[in-house]
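Protein chains in written order, with the numbering used here: chain A, 1 to 115; chain B, 1001 to 1115. The beta carbon of each residue, even a glycine, is placed where N, CA and C say it ideally should be. Small disclaimer: the values here were computed from a predicted structure and weren't measured. Have a look at the structure below, then the notes.
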DNA sequence: ACATTATATAATCATATACTTATATACGCA
DNA sequence: TGCGTATATAAGTATATGATTATATAATGT
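What follows is the structure, encoded as structure tokens:
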């Protein structure tokens, strides 16, 4: 156990509360390998845009993810400066890849890319 | 990453939902090192007996803990036969020891021991 | 400037959650 | 057998959560 990955118990429970929702947990796993914008998540999860925004806000409020505007889109990514980033990564590493969801998007031509 | 510790995503989110409560998370951490009975948890958490029982039931319903009657008491312990036991352990290992809570109990003479 | 697209936020609502109180069950002991 | 202790469960309640609908804000392209 790397000392930097020891997490105060209450903070851990707050993180687990966030990850205790299948949608948010899948978002985090996806963000591990792909930055995504809101409209991509809307497609992937077949959920309304406000529902997606609200999940992202919860993740952002505790600093697990960060946002960055790119043109018309706002892309979300893992915040690797979060104090418990190593802990969260070590958890996500136990979960199976969800890249199939992104591949589907690409096949539908719905993947957003901008530079 | 040990293959045996890869956990299906929905199941992981269900486990996190359970661990997303400070009381239950602390229970799990304590059980990592000490079997405990309900009345000990009542003392440790300063919560009502039904509240404690209900938290333990949730943990037991998904098989994270098991119970065993010892005389008048029912002791709870980690269920090391749970399919995701290695995953849960690896998570708990990131949390600081909570043994101080048990030591306090012992100092008050409230620790139950029976054989 | 205006229409379109992407996103956030506010208000609302149904359901889930975590507690309380009241009660039932099970064991140990006189 | 009856009493005290330990625990579980049921019912009720307040709050939290996750969705929806409606609306506001911001960027793009004409």
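Requested in this report: Please report how far the alpha carbon of residue 1008(B) lies from the alpha carbon of residue 96(A), in whole angstroms.
Outcome: Residue numbering aside, residue 1008(B) sits at position 8 when the second chain is read from its first letter. Residue numbering aside, residue 96(A) sits at position 96 when the first chain is read from its first letter. Using only the alpha carbons, I get a separation of about 7 Å.
Query raised in the report: Using 8 Å as the limit for Cβ to Cβ distance, is residue 1012(B) near chain A?
Result: The residue labelled residue 1012(B) in the question sits at position 12 within the second chain. So, interface residue.
Query raised in the report: So does the region 1039-1048 of chain B actually touch the region 1094-1111 of chain B, counting three or more Cβ pairs closer than 8 Å?
Result: yes
Query - Own chain residues within Cβ distance below 7 Å of residue 5(A), not counting five before or after - result: Counted from its first residue, the first chain places residue 5(A) at position 5. Excluding sequence neighbours, residue 5(A) sits near 86, 87, 90.
Query raised in the report: Should residue 1069(B) be labelled buried (16 or more other beta-carbon atoms within 10 Å of its own) or exposed?
Result: As a first step, residue 1069(B) must be located in the second chain, where it is residue number 69. Answer is exposed; the Cβ neighbour count stays below 16.
Query raised in the report: Using CA coordinates, which residue listed in 19(A), 23(A), 56(A), 26(A) is at the minimum distance from residue 37(A)?
Result: The residue given as residue 37(A) occupies position 37 in the first chain. The shortest C-alpha separation from residue 37(A) is found at 56(A).
Query raised in the report: residue 1053(B) by DSSP, collapsed to three states: which one?
Result: Counting from one through the second chain, the residue named residue 1053(B) turns up at place 53. Residue state, collapsed to three classes: helix.
**Report entry** Simplified DSSP state of residue 1067(B), which is helix, strand or coil
**Finding:** For the purposes of this step, residue 1067(B) is taken as the residue at position 67 of the second chain. Strand, per DSSP.
Query - N- and C-terminal bounds of the alpha helix (DSSP H) containing residue 15(A) - result: Within the first chain, the letter at position 15 stands for residue 15(A). Unbroken alpha helix (DSSP H) run through residue 15(A): 9-19.
Requested in this report: Indicate whether residue 24(A) and residue 31(A) have their beta-carbon atoms separated by less than 8 Å.
Outcome: Within the first chain, numbered from 1, the residue matching residue 24(A) stands at position 24. Within the first chain, numbered from 1, the residue matching residue 31(A) stands at position 31. No, the pair does not count as a contact, with Cβ atoms beyond the cut-off.
Query raised in the report: How many Å lie between residue 1083(B) and residue 1014(B) at the Cα?
Result: Sequence index remark: in the second chain, residue 1083(B) carries index 83 (1-based). Sequence index remark: in the second chain, residue 1014(B) carries index 14 (1-based). In a straight line, the C-alpha of residue 1083(B) is about 13 Å away from that of residue 1014(B).
**Report entry** Residues in the region 1064-1077 of chain B having any Cβ partner in chain A nearer than 7 Å
**Finding:** none
Query raised in the report: Which residues of chain A have a Cβ atom closer than 7 Å to the Cβ of residue 1091(B), listed in chain order?
Result: The count along the second chain starts at 1 and reaches residue 1091(B) at position 91. Within 7 Å Cβ-Cβ: 91.
Query raised in the report: Contact check, residue 1065(B) vs residue 1053(B) under 8 Å by CB: the rounded distance?
Result: Taking the second chain and counting its residues from 1, one reaches residue 1065(B) at position 65. Taking the second chain and counting its residues from 1, one reaches residue 1053(B) at position 53. Not confirmed; about 12 Å, so no contact.
Query - Near-chain B residues of the region 18-44 of chain A (beta-carbon distance less than 9 Å), N- to C-terminal order - result: 18, 19, 20, 21, 22, 23, 24, 25, 26, 29
Query - Interface residues of chain B facing residue 94(A) [CB-CB closer than 8 Å] - result: Here residue 94(A) refers to the residue found at position 94 of the first chain. Neighbours of residue 94(A) on chain B, chain order: 1001, 1005, 1006, 1007, 1012, 1087, 1090.
Report task. Within 10 angstroms of the Cβ of residue 1033(B), are there 16 or more other Cβ atoms? Answer buried if so, exposed if not. Result -> Here residue 1033(B) refers to the residue found at position 33 of the second chain. Exposed: under 16 other Cβ atoms inside 10 Å.
Query raised in the report: So residue 1077(B) is in the beta strand (DSSP E); what residue range does that whole segment cover?
Result: Along the second chain, read from residue 1 onward, the residue named residue 1077(B) stands at position 77. Per DSSP, residue 1077(B) belongs to the beta strand (DSSP E) from 1073-1078.
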